[in-house]
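>
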Amino acid sequence: MTLDHRWLHGAAFAALVLVTTLANATAATPAPEVAEHDDGTRSASIQQLRIYRVHPGNEQAFHDRFRDHALRIMARHGFDVLATWETESEGLTEFAYLLEWPDTETMQARWADFMADEEWAAIKRETGQRHGRFVDGIEDRTLRPTPYSPRSRFLPAD
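According to mature numbering (1 follows the signal peptide of the UniProt record, and there is no 0), the residues represented by the sequence shown are -25 to -1, 1 to 133, in order.
Spelled out as C-alpha coordinates, the structure:
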(Lines of atoms letter the chains of each structure in order from A and count residues from 1; the text may use other names and numbers.)
(Lines give C-alpha, C1' and ligand atoms only; values in the text may rest on other atoms or scores of the structure.)
Protein backbone atom coordinates (compact mmCIF):
# COMPACT_ATOMS: atom_id res chain seq x y z
CA MET A 1 0.00 0.00 0.00
CA THR A 2 1.42 3.39 -0.92
CA LEU A 3 1.28 6.50 1.20
CA ASP A 4 -1.57 7.90 -0.90
CA HIS A 5 -3.72 4.82 -0.29
CA ARG A 6 -3.08 4.92 3.46
CA TRP A 7 -4.06 8.58 3.55
CA LEU A 8 -7.21 7.80 1.55
CA HIS A 9 -8.16 4.93 3.89
CA GLY A 10 -7.47 7.14 6.93
CA ALA A 11 -9.62 9.94 5.52
CA ALA A 12 -12.42 7.49 4.73
CA PHE A 13 -12.24 6.09 8.27
CA ALA A 14 -12.35 9.61 9.76
CA ALA A 15 -15.37 10.47 7.59
CA LEU A 16 -17.12 7.28 8.69
CA VAL A 17 -16.48 8.09 12.36
CA LEU A 18 -17.80 11.64 11.86
CA VAL A 19 -20.95 10.49 10.06
CA THR A 20 -21.62 7.82 12.70
CA THR A 21 -21.10 10.30 15.53
CA LEU A 22 -23.46 12.84 13.93
CA ALA A 23 -26.08 10.17 13.24
CA ASN A 24 -25.95 8.96 16.84
CA ALA A 25 -26.19 12.51 18.18
CA THR A 26 -29.17 13.22 15.93
CA ALA A 27 -30.91 9.98 16.92
CA ALA A 28 -30.43 10.76 20.62
CA THR A 29 -31.92 14.25 20.27
CA PRO A 30 -35.72 14.18 20.05
CA ALA A 31 -37.26 16.23 17.27
CA PRO A 32 -38.68 19.49 18.55
CA GLU A 33 -42.45 19.64 18.77
CA VAL A 34 -42.56 22.97 16.99
CA ALA A 35 -43.35 23.03 13.29
CA GLU A 36 -42.63 25.95 11.00
CA HIS A 37 -45.35 25.91 8.32
CA ASP A 38 -44.94 26.98 4.70
CA ASP A 39 -47.31 29.89 5.31
CA GLY A 40 -44.97 31.28 7.99
CA THR A 41 -47.03 30.17 10.98
CA ARG A 42 -45.60 28.00 13.73
CA SER A 43 -47.33 25.42 15.84
CA ALA A 44 -45.94 24.32 19.15
CA SER A 45 -48.35 21.50 19.72
CA ILE A 46 -49.03 17.91 18.91
CA GLN A 47 -52.29 16.13 18.33
CA GLN A 48 -53.31 12.75 19.63
CA LEU A 49 -55.72 10.55 17.69
CA ARG A 50 -57.49 7.83 19.66
CA ILE A 51 -59.72 5.25 18.02
CA TYR A 52 -61.85 2.89 20.12
CA ARG A 53 -63.45 -0.26 18.72
CA VAL A 54 -66.80 -0.17 20.53
CA HIS A 55 -68.11 -3.52 21.78
CA PRO A 56 -71.17 -4.55 19.71
CA GLY A 57 -74.42 -3.79 21.50
CA ASN A 58 -72.90 -1.15 23.79
CA GLU A 59 -72.69 1.74 21.34
CA GLN A 60 -75.29 3.92 23.10
CA ALA A 61 -73.94 3.19 26.59
CA PHE A 62 -70.43 4.00 25.34
CA HIS A 63 -71.55 7.36 23.92
CA ASP A 64 -73.53 8.18 27.06
CA ARG A 65 -70.51 7.50 29.28
CA PHE A 66 -68.08 9.41 27.07
CA ARG A 67 -70.41 12.41 26.63
CA ASP A 68 -71.69 12.61 30.21
CA HIS A 69 -68.57 11.64 32.15
CA ALA A 70 -65.31 11.18 30.24
CA LEU A 71 -65.38 14.60 28.55
CA ARG A 72 -66.14 16.37 31.84
CA ILE A 73 -63.37 14.55 33.74
CA MET A 74 -60.92 15.00 30.88
CA ALA A 75 -61.61 18.75 30.92
CA ARG A 76 -60.91 18.81 34.66
CA HIS A 77 -57.47 17.32 33.92
CA GLY A 78 -56.65 19.82 31.17
CA PHE A 79 -57.54 17.76 28.09
CA ASP A 80 -58.26 19.77 24.93
CA VAL A 81 -60.62 17.59 22.90
CA LEU A 82 -60.86 19.10 19.41
CA ALA A 83 -63.43 16.79 17.83
CA THR A 84 -65.13 13.40 18.11
CA TRP A 85 -66.34 11.09 15.33
CA GLU A 86 -68.10 7.79 14.84
CA THR A 87 -67.20 5.51 11.96
CA GLU A 88 -67.49 1.88 10.92
CA SER A 89 -64.75 -0.53 10.02
CA GLU A 90 -65.43 -4.09 8.93
CA GLY A 91 -69.01 -3.77 10.19
CA LEU A 92 -67.96 -2.64 13.68
CA THR A 93 -68.52 0.75 15.26
CA GLU A 94 -65.45 2.84 15.97
CA PHE A 95 -65.27 6.04 17.98
CA ALA A 96 -62.43 8.44 17.23
CA TYR A 97 -61.40 11.67 18.87
CA LEU A 98 -58.65 14.19 18.43
CA LEU A 99 -56.84 15.91 21.31
CA GLU A 100 -54.30 18.72 21.26
CA TRP A 101 -51.34 18.95 23.65
CA PRO A 102 -48.50 21.44 24.05
CA ASP A 103 -45.94 18.58 24.20
CA THR A 104 -45.48 14.87 24.87
CA GLU A 105 -44.62 15.30 28.55
CA THR A 106 -47.88 17.18 29.23
CA MET A 107 -49.86 14.55 27.32
CA GLN A 108 -48.35 11.71 29.36
CA ALA A 109 -48.77 13.50 32.70
CA ARG A 110 -52.41 14.41 32.08
CA TRP A 111 -53.27 10.89 30.91
CA ALA A 112 -51.70 9.51 34.08
CA ASP A 113 -53.80 11.93 36.15
CA PHE A 114 -56.97 11.00 34.26
CA MET A 115 -56.38 7.26 34.61
CA ALA A 116 -55.78 7.70 38.36
CA ASP A 117 -58.94 9.80 38.83
CA GLU A 118 -61.13 8.13 41.47
CA GLU A 119 -64.39 9.41 39.99
CA TRP A 120 -63.47 8.02 36.54
CA ALA A 121 -62.51 4.66 38.08
CA ALA A 122 -65.86 4.49 39.90
CA ILE A 123 -67.82 5.39 36.74
CA LYS A 124 -65.97 2.76 34.70
CA ARG A 125 -66.59 0.15 37.39
CA GLU A 126 -70.31 0.97 37.73
CA THR A 127 -71.04 1.23 33.99
CA GLY A 128 -69.00 -1.91 33.32
CA GLN A 129 -71.05 -3.86 35.87
CA ARG A 130 -74.27 -2.59 34.30
CA HIS A 131 -73.39 -2.93 30.59
CA GLY A 132 -70.36 -5.20 30.35
CA ARG A 133 -67.47 -4.48 28.01
CA PHE A 134 -67.44 -1.07 26.32
CA VAL A 135 -64.26 -1.22 24.23
CA ASP A 136 -62.64 -4.12 22.36
CA GLY A 137 -59.48 -2.26 21.36
CA ILE A 138 -57.77 1.13 21.35
CA GLU A 139 -55.46 2.68 18.78
CA ASP A 140 -53.44 5.63 20.06
CA ARG A 141 -51.40 7.80 17.71
CA THR A 142 -49.40 10.92 18.44
CA LEU A 143 -49.49 13.26 15.44
CA ARG A 144 -46.79 15.85 14.86
CA PRO A 145 -47.41 18.46 12.14
CA THR A 146 -45.24 18.50 9.05
CA PRO A 147 -43.83 21.84 7.85
CA TYR A 148 -46.14 21.74 4.81
CA SER A 149 -49.31 20.89 6.73
CA PRO A 150 -52.30 22.94 5.55
CA ARG A 151 -53.01 23.66 9.19
CA SER A 152 -55.80 26.18 8.67
CA ARG A 153 -57.94 23.60 6.92
CA PHE A 154 -58.46 21.33 9.90
CA LEU A 155 -57.14 22.85 13.10
CA PRO A 156 -58.19 25.88 15.12
CA ALA A 157 -56.32 29.10 14.43
CA ASP A 158 -53.52 30.16 16.77
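A virtual CB, placed ideally from N, CA and C, is assigned to each residue, including glycine.
For the segment 101 to 120 against the segment 26 to 36, are there 3 or more C-beta pairs whose distance is under 8 Å?
Short answer: they touch.
> Which of the three DSSP states, helix, strand or coil, is assigned to E65?
Residue state, collapsed to three classes: coil.
> Pull up the distance between the alpha-carbon of S124 and that of L57, whole angstroms please.
The C-alpha of S124 lies about 17 Å from the C-alpha of L57.
> Any idea if V(-7) is buried or exposed, counting beta-carbon neighbours within 10 angstroms, 16 or more meaning buried?
Only weak support is given to the placement of V(-7): the predicted model assigns it a pLDDT of 40, under 50, and the question is left unresolved by the model.
> Which residues mark the beginning and the end of the beta strand (DSSP E) in which T117 is found?
V110 to L118
> Taking Cβ to Cβ, would you say D115 is nearer than 8 Å to I48?
no
> What is the rounded straight-line gap between the Cα of S20 and the Cα of G103?
34 Å
> By a C-beta neighbour count over all protein chains shown, 10 Å radius and 16 as the cutoff for buried, is V24 buried or exposed?
Just to set this straight, residue 24 is Leu in the shown sequence, not Val. It counts as exposed.
> Per the DSSP calculation, T59 is bridged to which residue(s)?
Answer is Y72, bridged to T59.
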